[in-house]
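Chains as they are written, first to last, in our numbering: chain S, 1 to 146; chain P, 147 to 292.
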DNA sequence: GTCATATAGTTAGTTAAACAACTATTTCAA
DNA sequence: TTGAAATAGTTGTTTAACTAACTATATGAC
């Protein structure tokens, strides 16, 4: 076990510990403070549907890096909240297309503003160039493990 | 909502989606393949105890960026697996010191090798300089939100 | 055409995370 | 020295993640 490898272990600890929870947790708190009753996991699904409505569950798995059962349950809960509905595809009867409801579009601008505010706080003092490095490293990590 | 802010949203999506799950999930799979029956969350607690044995639960909260109930339950499960034990502090009776058992030290070299292997795979093609940028950005994010 | 295989999604069971409310102990100020 | 506030840890509840095993539909080789 070399010294260099231990340093990398600290990075791992940072990535999983800080990044995945600190920003998400802050966002979740702000939602709650403004009486917006969705989880950040639910929001992350809506986020991708706001970019493109009518994605299949499998496409949501790919977009959010979650597995099928996770998406099944997130869509279950979003359906209970009347934020999305499952629409069977006419081309392929195995597929559910997930479509946004009118209720959900109301949430969009509200929550995107809060998300942007949170990211501005989180990334204060970080340069665009540094963000690009992080994005490329994370993309590389994802590709390496795919 | 500016275009720049939307780009930052994609970074958020990357940080939470890719980094927190891809590396951890890979590590978890390798543990399972070698019949090592601990979760990555349990491993992350052991990791800090291997660096310094006898940390309090609060110190484990700080080290792993988890809240108290999460650490209570992780220590519960690690205790069931006979990997750690709670030892009441003599100086302050509110405090439990978490101490490694002989069983856990056996796991150390085995799992650290697997973790290093996983990180080498994940970070293949990433330069030390890029890793430093990521670490400093993540530290900044953590400080910004603290 | 038929059967094996692949793909889309669901269900069940265990572990973990977040929050709120709680107990026990310590600290510190009036 | 007593009583409020702070600190350490626990418990209950809901949501989510991962695995494994499952159903239903589609594809493709023969």
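Just so it is clear, CB atoms sit at the ideal spot from N, CA and C, and this is done for glycine as well.
The structure displayed is predicted, hence computed values, not measured ones.
**Asked** Apart from the five residues on each side of it in sequence, which residues of its chain come closer than 8 Å, Cβ to Cβ, to residue 121(S)?
**Response** 26
**Prompt:** According to the Cβ coordinates, are residue 224(P) and residue 191(P) closer than 9 Å?
**Reply:** Against a cut-off of 9 Å, the Cβ pair of residue 191(P) and residue 224(P) comes out as a contact.
**Item:** residue 200(P) burial status per 10 Å Cβ neighbour count (16 or more: buried)
**Value:** The residue is exposed, with fewer than 16 neighbouring Cβ atoms inside 10 Å.
**Message:** For chain P, check one thing: does any of its Cβ atoms lie closer than 9 Å to the Cβ of residue 104(S)?
**Reply:** Judged by the 9 Å Cβ criterion, residue 104(S) is not in contact with chain P.
**Prompt:** Do three or more CB pairs link the stretch 263 to 283 of chain P to the stretch 129 to 144 of chain S at distances below 8 Å?
**Reply:** yes
**Message:** My output table needs one value for residue 38(S): the three-state DSSP class, helix, strand or coil.
**Reply:** coil
**Prompt:** Mind pulling the chain S residues with CB within less than 7 Å of residue 240(P)?
**Reply:** Residues of chain S passing the Cβ test: none, with the nearest at roughly 25 Å.
**Message:** Can you check which of these residues, 93(S), 134(S) and 28(S), is closest to residue 41(S) by C-alpha distance?
**Reply:** 28(S)
**Message:** Am I right that residue 177(P) and residue 244(P) are in contact with their C-beta atoms under 8 Å? What's the rounded C-beta distance?
**Reply:** With a Cβ gap of about 21 Å, residue 177(P) and residue 244(P) do not count as contacting.
**Contact set for residue 263(P): own chain, Cβ-Cβ below 6 Å, skip 5 residues either direction** = Answer for residue 263(P): no residue qualifies.
**Asked** Just how far apart, CA to CA, sit residue 240(P) and residue 283(P)?
**Response** So the two alpha carbons sit approximately 36 Å from each other.
**Message:** Bridge partners for residue 94(P) per DSSP, in chain order?
**Reply:** For chain P, the structure presents residues 147 to 292; residue 94(P) sits outside this window and is missing.
**Prompt:** So residue 76(S) is in the alpha helix (DSSP H); what residue range does that whole segment cover?
**Reply:** 68 to 80
**Message:** Would you say residue 271(P) lies against chain S (beta-carbon separation less than 9 Å)?
**Reply:** yes
**Request:** Flag residue 31(S) as yes if its beta-carbon sits less than 9 Å from any beta-carbon of chain P, otherwise no.
**Result:** no
**Request:** Please decide whether residue 204(P) counts as near chain S, where near means a Cβ-Cβ distance under 9 Å.
**Result:** No, residue 204(P) lies away from the interface with chain S (no Cβ there is under 9 Å from its Cβ).
**Message:** Between residue 48(S) and residue 72(S), how many whole angstroms is the CB-CB distance? I'm expecting something under 8 Å.
**Reply:** About 16 Å separates the two Cβ atoms, so there is no contact after all.
**Message:** I want to see whether chain P comes within less than 9 Å of residue 110(S), judged by CB atoms only; does it?
**Reply:** no
**Asked** Where residue 258(P) and residue 68(S) are concerned, what is the direct C-alpha to C-alpha distance, given to the nearest angstrom?
**Response** Rounded to the nearest whole angstrom, the CA to CA distance from residue 258(P) to residue 68(S) is 30 Å.
**Request:** Starting from residue 130(S), find everything on chain P with Cβ-Cβ shorter than 9 Å and list it in chain order.
**Result:** 279, 280, 282, 283 and 286
**Residue-chain proximity (residue 26(S), chain P), Cβ-Cβ < 9 Å** = Residue 26(S) counts as touching chain P.
**Message:** Do residue 100(S) and residue 50(S) count as a contact pair if the criterion is CB distance below 9 Å?
**Reply:** Yes. Within cutoff.
**Message:** I need the DSSP call for residue 269(P), collapsed to helix, strand or coil.
**Reply:** coil
**Request:** Compute the Euclidean distance between the alpha carbons of residue 58(S) and residue 83(S), then round it to the nearest angstrom.
**Result:** 19 Å
**Prompt:** Would you call the CB atoms of residue 198(P) and residue 256(P) closer than 9 Å?
**Reply:** no
**Request:** Would you mind stating whether residue 276(P) and residue 75(S) have Cβ atoms separated by less than 9 Å?
**Result:** no
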